[in-house]
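Respectively, the protein sequence lines represent chains W and L. So the first sequence is residues 11 to 367, counted in this note's numbering. So the second sequence is residues 29 to 531, counted in this note's numbering. Quick notes on the structure that follows.
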Amino acid sequence: MSKTKRKGNGVGQLLIPLIAILLLVVFNLIRDPSFFSIGTTVNNAGTTVLSGNLISIINGASELAILAMGMTLVTAACGGQDISVGAGAAIAGSVFVRVLKSGSSITGLTVLLAFLACCVVSMLFSSFNGTLVAVFGIQPMIATLILYTCGRSIAYWINGGATPTVSSGIISSIGSFIPNVPIPTPIFIVVIMAILLNLAFRFTNLSLYTQSVGINQAASRLNGINPTFIKMLSFIILGICVSVAGTIGVCRLSLINHETLLLDVEMDAILAVAIGGNSLGGGRFRISGSVLGAYIIQMLTTTLYAMKVPSTDVKAYKAVVIILLVVMGSPVVKKKVSGLIARRRAGSAGSEGKEAA
Amino acid sequence: MQQNDTVLSMRGICKEFPGVKALQNVDFTLRRGEIHALMGENGAGKSTLIKVLTGVYTKDKGSITMEGTEGEADIRSPQDAQNIGISTVYQEITLCPNLTVAENMFIGRDPGLISHKKEYERRSEEMLRSLNIPARARQELSSCSLAVQQMVAIARAVDMNCKVLILDEPTSSLDDKEVQMLFSLMRDLKSRGVGIIFVTHFLEQVYEVCDRITVLRNGELVGEYPIEELPQVQLVAKMMGKELDELEDMETFGQKPVPQDETVYEAEDLSSTASRPFRFSIRRGEVNGFTGLLGSGRSESVRAIFGADHVTGGNVKVKGKSVRIQKPIDAMKNGIGYLPEDRKRDGIIADLSVRENIILALQVMRGFFRPMSRSEADKFADEYIAALNIKTASKDTPVGSLSGGNQQKVILARWLLTHPDYLILDEPTRGIDVGTKLEIQKLVLKLAQEDVSITFISSEVEEMLRTCSRLIVMRDRRIVGELKDDELTQANVMKTIAGGDGQ
């Protein structure tokens with residue numbers, strides 16, 4: 011009994027995102043039965059690769075999914091969101107390209123070095139955010155507003171005002187396909203990030219500490235946890251996510267455009283956290299919910315484009331669906347629904363009891 | 029007998045939560061112009077009954093009838109309850125502190141948008157005067173004392189023609205004088221025919237103002253008694269469901285434990301941002317207490333020992349070795365545990381499960397990179413839920429949904445699990461029921477016998493006299509005396525606190 015209950019609780023938070031995915035899938039299948047069919051094409055490099063809407067949804071959501079992972083941790087620990095991840099990714103991408111360009115040729119080693127450099131820079135910027143939040147106690151949205159405002163200017167300086175391009179086989183295998191592998195590489199990167207984060211949860215107390223600090227900072231401190239460190243850590247992990255997302259973004263296009271790279275992604279990332287059933291006020295969290303949220307947002311966008319909605323109108327339609335999702339996930343509706351389910355269950359349990367008697 | 033006398037009657041009320049039968053077939057009757065105590069231990073169903081009555085919860089079964097309302101009263105929201113004349117004043121003030129008294133009394137009661145400020149102020153002034161409430165209508169509410177704020181909340185309820193007034197733990201943050209003020213207001217309302225439901229943990233207060241007592245236990249009705257037919261000892265026995273002699277056995281307790289010679293902890297000139305320098309030591313297996321009035325610095329002193337506030341100076345030795353305790357983790361690594369005074373603010377992590385709350389301190393001591401396996405955590409949780417008799421639906425239940433006494437036991441379990449040498453308990457029995465109080469006191473003595481040193485702080489001096497072998501008395505953030513053995517009498521403690529020993 012207790013086991014089934016635990017399971018029930020676990021799915022509880024994911025119920026809304028799962029329903030949302032189901033509805034989107036059914037809607038698309040009715041509209042166009044071949045919407046999710048996966049085909050194969052041969053790309054420029056001569057590799058046979060998978061193609062189709064499903065692949066492009068999962069591939070396209072990669073950066074968002076990675077950012078949503080980090081955003082979930084920051085939200086849980088600090089009870090607020092980082093709105094500078096888009097600008098941060100532009101900086102990270104710029105550093106990545108700048109380091110690559112400084113070498114004479116692009117090799118595996120220089121790409122690795124460039125990525126490490128952009129990782130370090132990202133972590134520095136996110137520690138700046140983290141310091142404002144964890145040490146000075148500034149509201150996360152206000153603290154990250156600074157970098158949100160100036161981040162793309164910093165990226166502009168790093169790029170020297172241009173939009174430099176990097177063309178290399180290695181870059182395109184990160185951004186699109188590795189030769190002879192039919193699945194887009196960003197999908198693998200999401201999987202790797204998810205595994206890494208999972209390992210961190212398994213082999214450290216990151217999850218317990220983060221939730222404790224998010225729920226009750228004073229009590230956490232009195233139990234020997236250092237809330238400043240935990241909040242800082244959440245920002246630094248988000249920093250790593252930002253650098254990975256920025257790198258993917260650059261590699262997709264083989265160029266860095268500091269004005270458009272991952273533009274407005276911060277709002278989608280926050281939305282992914284919320285759709286995933288996580289409280290934006292901090293505390294308990296589920297990374298898997300946020301990742302599902304990211305795929306829902308991407309699926310929604312792809313669906314709208316497939317319906318030939320003009321790109322200028324997409325945002326408005328997206329908003330309508332999002333209102334529905336957020337209301338469905340609101341405490342008021344949840345309570346009503348769970349009340350209904352409980353009543354029905356009690357009713358069926360009662361009749362079962364009678365039958366048994 | 030006289031049917032007309034009844035203002036409110038609740039019959040066969042049932043309410044079930046997942047896994048818990050909170051109320052089973054409970055009856056409750058309130059007459060005009062009586063003060064009726066609703067008594068029971070934590071988790072007995074008092075709050076649930078009140079919440080059903082005020083529309084916070086909807087009942088599963090049963091009926092509620094109110095005088096002046098045709099047939100069954102259908103209460104589905106606090107607004108419904110208010111409309112038929114049921115008002116509640118909670119322990120925490122739910123008014124707006126930055127509005128004036130008059131505004132607070134009339135806010136939200138006006139159907140239109142235009143407010144009649146002058147008219148309100150006049151009527152408030154009248155009301156305050158007729159109820160003898162020492163406040164002025166145009167005064168900002170936050171400038172009144174807590175007691176007066178509470179009285180304003182009551183005045184607001186009375187002005188809304190309430191027939192049933194529910195006072196939920198109104199006295200827990202008031203001092204004696206304020207309690208008396210509140211009581212005279214309650215008696216005044218009683219003479220005006222208002223029926224008052226009084227929920228409290230203080231037994232003496234029940235006998236001071238109430239006419240009748242309804243006792244609940246485990247969600248069931250034990251009975252309704254006129255006050256003169258139920259002496260205090262029997263009331264306690266009814267609440268706990270225990271026989272009298274069993275209770276007496278608890279009252280006498282065992283021998284106080286004899287401390288050993290080894291000094292477990294000593295501090296010289298220890299000070300923090302919140303406490304003045306003081307000197308303190310405790311021996312192995314000793315139970316001592318800090319006493320003094322609120323604000324005398326007793327909590328601040330023990331917080332300094334644990335490093336809960338920023339430590340500014342002093343030399344500390346643990347088992348004879350000099351150590352630095354700057355923050356809680358330092359104290360924990362030196363075998364010190366601390367149960368904080370404010371359970372909600374500093375103790376529980378409300379949304380986390382009982383299991384996570386129990387293992388938290390031990391987990392933190394083991395370190396960030398050494399998480400406990402799920403099976404080990406389950407084992408610890410099961411062990412302490414059984415050992416301390418924690419009432420919870422399961423170990424996955426969020427601790428915030430437990431009753432106060434059980435939350436306190438979870439925090440106790442958390443520290444016991446770390447097997448501390450020295451355990452500081454700041455007000456472990458505040459706001460919890462008699463049964464759990466005795467359980468905790470017994471546990472303290474048992475731990476001391478197992479060679480744990482304990483500092484036990486309580487606002488109730490009797491409780492400390494019963495458990496402590498040494499009492500440190502504080503006044504104005506200074507230690508002003510130390511009492512032990514034969515000096516440990518209530519009179520002596522009072523004298524030392526007051527400083528009346530001829531200085």
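Just so it is clear, CB atoms sit at the ideal spot from N, CA and C, and this is done for glycine as well. Remember, it's a predicted structure, so these values are computed and weren't measured experimentally.
In the structure shown, what three-state DSSP assignment does residue i receive?
{"i": "Val-343(W)", "result": "helix"}
{"i": "Tyr-118(L)", "result": "coil"}
{"i": "Leu-242(L)", "result": "The residue you asked about is not Leu; residue 242(L) is Thr in the sequence shown. Thr-242(L) falls in the strand class under three-state DSSP."}
{"i": "Ala-348(W)", "result": "Inspection of the sequence shows that residue 348(W) is occupied by Ser rather than by Ala. Ser-348(W) falls in the helix class under three-state DSSP."}
{"i": "Gly-509(L)", "result": "strand"}
{"i": "Pro-254(L)", "result": "strand"}
{"i": "Cys-124(L)", "result": "coil"}
{"i": "Val-254(W)", "result": "helix"}
{"i": "Cys-52(L)", "result": "The residue asked about is misnamed: residue 52(L) is Gln in this sequence, not Cys. It is a strand residue."}
{"i": "Asn-233(W)", "result": "coil"}
{"i": "Asn-316(L)", "result": "strand"}
{"i": "Met-188(L)", "result": "coil"}
{"i": "Arg-452(L)", "result": "Going by the sequence as given, residue 452(L) is Ile instead of Arg. In this structure, Ile-452(L) counts as strand in the three-state DSSP scheme."}
{"i": "Glu-248(L)", "result": "strand"}
{"i": "Phe-306(L)", "result": "strand"}
{"i": "Pro-426(L)", "result": "strand"}
Going by other Cβ atoms of all chains shown within 10 Å of its Cβ, with 16 needed for buried, is residue i buried or exposed?
{"i": "Phe-187(W)", "result": "buried"}
{"i": "Thr-340(L)", "result": "exposed"}
{"i": "Asn-190(W)", "result": "exposed"}
{"i": "Met-277(W)", "result": "exposed"}
{"i": "Ile-48(W)", "result": "exposed"}
{"i": "Lys-74(L)", "result": "buried"}
{"i": "Pro-43(W)", "result": "exposed"}
{"i": "Ser-91(L)", "result": "exposed"}
{"i": "Leu-142(W)", "result": "buried"}
{"i": "Gln-107(L)", "result": "exposed"}
{"i": "Phe-245(W)", "result": "buried"}
{"i": "Thr-495(L)", "result": "buried"}
{"i": "Glu-455(L)", "result": "buried"}
{"i": "His-447(L)", "result": "exposed"}
{"i": "Ala-144(W)", "result": "buried"}
{"i": "Thr-483(L)", "result": "buried"}
{"i": "Ile-310(L)", "result": "buried"}
Measuring only the C-alpha atoms, how far is residue i from residue j?
{"i": "Ala-295(L)", "j": "Val-286(L)", "result": "22 angstroms"}
{"i": "Arg-164(L)", "j": "Glu-153(L)", "result": "7 angstroms"}
{"i": "Ala-86(W)", "j": "Ile-485(L)", "result": "35 angstroms"}
{"i": "Val-532(L)", "j": "Asp-216(L)", "result": "The question about residue 532(L) has no answer, for chain L in this structure spans 29 to 531."}
{"i": "Val-252(W)", "j": "Cys-190(L)", "result": "59 angstroms"}
{"i": "Gly-320(L)", "j": "Arg-503(L)", "result": "6 angstroms"}
{"i": "Val-533(L)", "j": "Asn-208(W)", "result": "With chain L covering 29 to 531 only, the question about residue 533(L) has no answer from this structure."}
{"i": "Met-278(L)", "j": "Ala-519(L)", "result": "At Met-278(L) the pLDDT is 49, less than 50, meaning the model places this residue with poor confidence and gives no usable figure here."}
{"i": "Arg-458(L)", "j": "Arg-506(L)", "result": "24 angstroms"}
{"i": "Ala-30(W)", "j": "Gly-247(L)", "result": "41 angstroms"}
{"i": "Ile-67(W)", "j": "Gln-308(W)", "result": "6 angstroms"}
{"i": "Arg-383(L)", "j": "Pro-356(L)", "result": "21 angstroms"}
{"i": "Gln-436(L)", "j": "Val-223(W)", "result": "20 angstroms"}
{"i": "Ile-280(W)", "j": "Gln-260(L)", "result": "58 angstroms"}
{"i": "Lys-218(L)", "j": "Arg-59(L)", "result": "10 angstroms"}
If residue i sits next to residue j, beta carbons under 8 angstroms apart, how far is it from one beta carbon to the other, in whole angstroms?
{"i": "Ile-225(L)", "j": "Leu-195(L)", "result": "7 angstroms"}
{"i": "Ser-170(L)", "j": "Pro-125(L)", "result": "4 angstroms"}
{"i": "Leu-310(W)", "j": "Lys-328(W)", "result": "6 angstroms"}
{"i": "Cys-42(L)", "j": "Lys-87(L)", "result": "7 angstroms"}
{"i": "Thr-173(W)", "j": "Leu-265(W)", "result": "6 angstroms"}
{"i": "Ala-441(L)", "j": "Leu-416(L)", "result": "5 angstroms"}
{"i": "Leu-350(W)", "j": "Gly-103(W)", "result": "Not really, about 48 angstroms apart at Cβ, beyond 8 angstroms."}
Compute the minimum distance between the beta carbon of residue i and the heavy atoms of the ligand NAP, and state whether it is under 7 angstroms.
{"i": "Thr-85(W)", "result": "In the structure on display, the ligand NAP does not appear, and there are no ligands present to speak of."}
Inset, instruction - Go through the stretch 96 to 161 of chain W residue by residue and report every complete run of the alpha helix (DSSP H) that reaches 4 residues or more, in order. - result: 118 to 140
Legend entry - Secondary structure, beta strand (DSSP E): runs of 3+ residues fully inside the stretch 287 to 346 of chain W: none
Inset, instruction - Write down every uninterrupted run of the alpha helix (DSSP H) in the stretch 152 to 229 of chain W whose length is 4 residues or greater and which is fully enclosed by it, in chain order. - result: 179 to 185, 195 to 213, 216 to 225
Legend entry - Inside the stretch 336 to 404 of chain L only - alpha helix (DSSP H) runs reaching at least 4 residues: 356 to 361, 382 to 394
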